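What follows is a set of notes on a single structure, which appears directly below.
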Amino acid sequence: MNRYALGVGAAAMVVGAAALADPNTDVALEIDGVAIKTIAASAHADNPIGDTLISGWHYRNDETRALQLDDFDNPAFLAVELGRELWEAADGASGKSCADCHGGIDGFAGLRANMPKWSEAAGRPLTLEQWINWSRKEHQGAEPWKWESEQMLGMTAAIAVESRGMPMDVQTDGPMAEWFEKGRDLYYTRTGQLDFACASCHEANSGMMLRADHLSQGHLNGFPTYRLKWQGIGSIHRRLKGCVQDTRAEPYAVGSDELVALELYVSWRGEGLDIEAPAVRQ
Ligand code: HEC
Ligand code: HEC
């Protein structure tokens, strides 16, 4: 038996009837003429998921999937619009806007796909949120934005959409190696009263129904993501916190080293897939 398969008791409690359902792989995600790879060969032979990566989009029902096909229907685009406005707005002691220093936001095409990314100045990997706040402090002379503030979610969504259709591509060697190892360790660490690891749900049981939820491979290519349950858009760290909480464990804080390391490792597991942010999920 797989080391991370659920114990019989836990499986009955959480997975219920433990029905296996196939993701719908007969559909394709194309937005504004851009074809987005949501089913792809893994970029790594040693990816524990196996050969075929499938985005969470394929695990959602027809109505939820449809919301992502057209940006006018995608409720995350309110956040994208706010982000684009903020890009042009002067702020902080510099009196400058993001655009004054960086030019068009399309200059950041590909950036989301490389997150978290090593910072020489900080001597550590930074997530997109952390890069933005670093630049606000260092260059703009502005106050940091809170992780789940509408400004931060808007800006990360507006930057992420510029990478839509581009392949996930994170650095895992050199100084990133120890963060990668830490992330992998956390992925396989069982937590909480339910004693589940990320792998228990997204590796050993992906495809299973967890109550009303269809368990996916747990990819990050759609973040920030609009969740119907949240009635709003949320960050990677909010999603991961929720997953840890579901095991009835004390979650790691947003921006913590644990979640940065997990974000790095889970991004590597998704290499082969394209960025599809901002996604829509249940
Ligand atoms: C006063 C000029 C200035 C302003 C204003 C400014 N930045 Fe920057 N930013 C920089 C410089 C300089 C760098 C480091 C060099 C580089 O990577 O472009 C940087 C780096 C970044 C990076 C990392 C880019 C990378 O390739 O690693 C991000 C993300 C970023 N800024 C986002 C923003 C956002 C969002 C705003 C507005 C809220 C903003 N910056 C405002 C000057 C500025
Ligand atoms: C108790 C089972 C369970 C555990 C343990 C769990 N998750 Fe999840 N996770 C879910 C469910 C259910 C969803 C929503 C359906 C889906 O996309 O799988 C989800 C969604 C996700 C998503 C969003 C996928 C998308 O396409 O939007 C990511 C990423 C994720 N989980 C990562 C993790 C990580 C990393 C861990 C470990 C810290 C973890 N999960 C632990 C049940 C779990």
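One point on numbering: in our numbering, the residue at position 206 of the sequence shown is 193, and numbering is uninterrupted. Just so it is clear, CB atoms sit at the ideal spot from N, CA and C, and this is done for glycine as well. Only a predicted model underlies this, so the values are computations on that prediction, with no experimental measurement involved.
Linking F210 to T114 through their CA atoms gives a straight-line distance of about 12 Å. Per the coordinates, the alpha-carbon of D19 lies some 16 Å from the alpha-carbon of T25.
Per DSSP, S254 is one residue of the alpha helix (DSSP H) stretching across 244 to 256. Non-local C-beta neighbours of G128 in its own chain, meaning closer than 6 Å and more than five positions away in sequence, comprise G79, A80, S81, ordered along the chain.
Judged by the Cβ position, A184 qualifies as a neighbour of ligand 2 at the 8 Å threshold, a heavy atom of the ligand being closer than this. A distance criterion of 8 Å places the beta-carbon of M153 beyond contact range of ligand 1, judged by its closest non-hydrogen atom.
Annotation for S150: A96, G97, L98, R99, A100, I262 place their beta carbon closer than 7 Å to its own, counting only its chain and skipping 5 residues before and after. Here the C-alpha atom of E75 lies approximately 20 Å from the C-alpha atom of A63.
A Cβ-Cβ separation of about 4 Å places S203 in contact with G43 under the 8 Å criterion.
Inclusion of W105 and P162 in the CB contact set at 9 Å is warranted, their separation being smaller than that value. CA-CA distance, E125 to A108, rounds to 11 Å. Annotated three-state conformation of I36 is coil, per DSSP. A22 has its alpha-carbon roughly 33 Å from the corresponding atom of V231.
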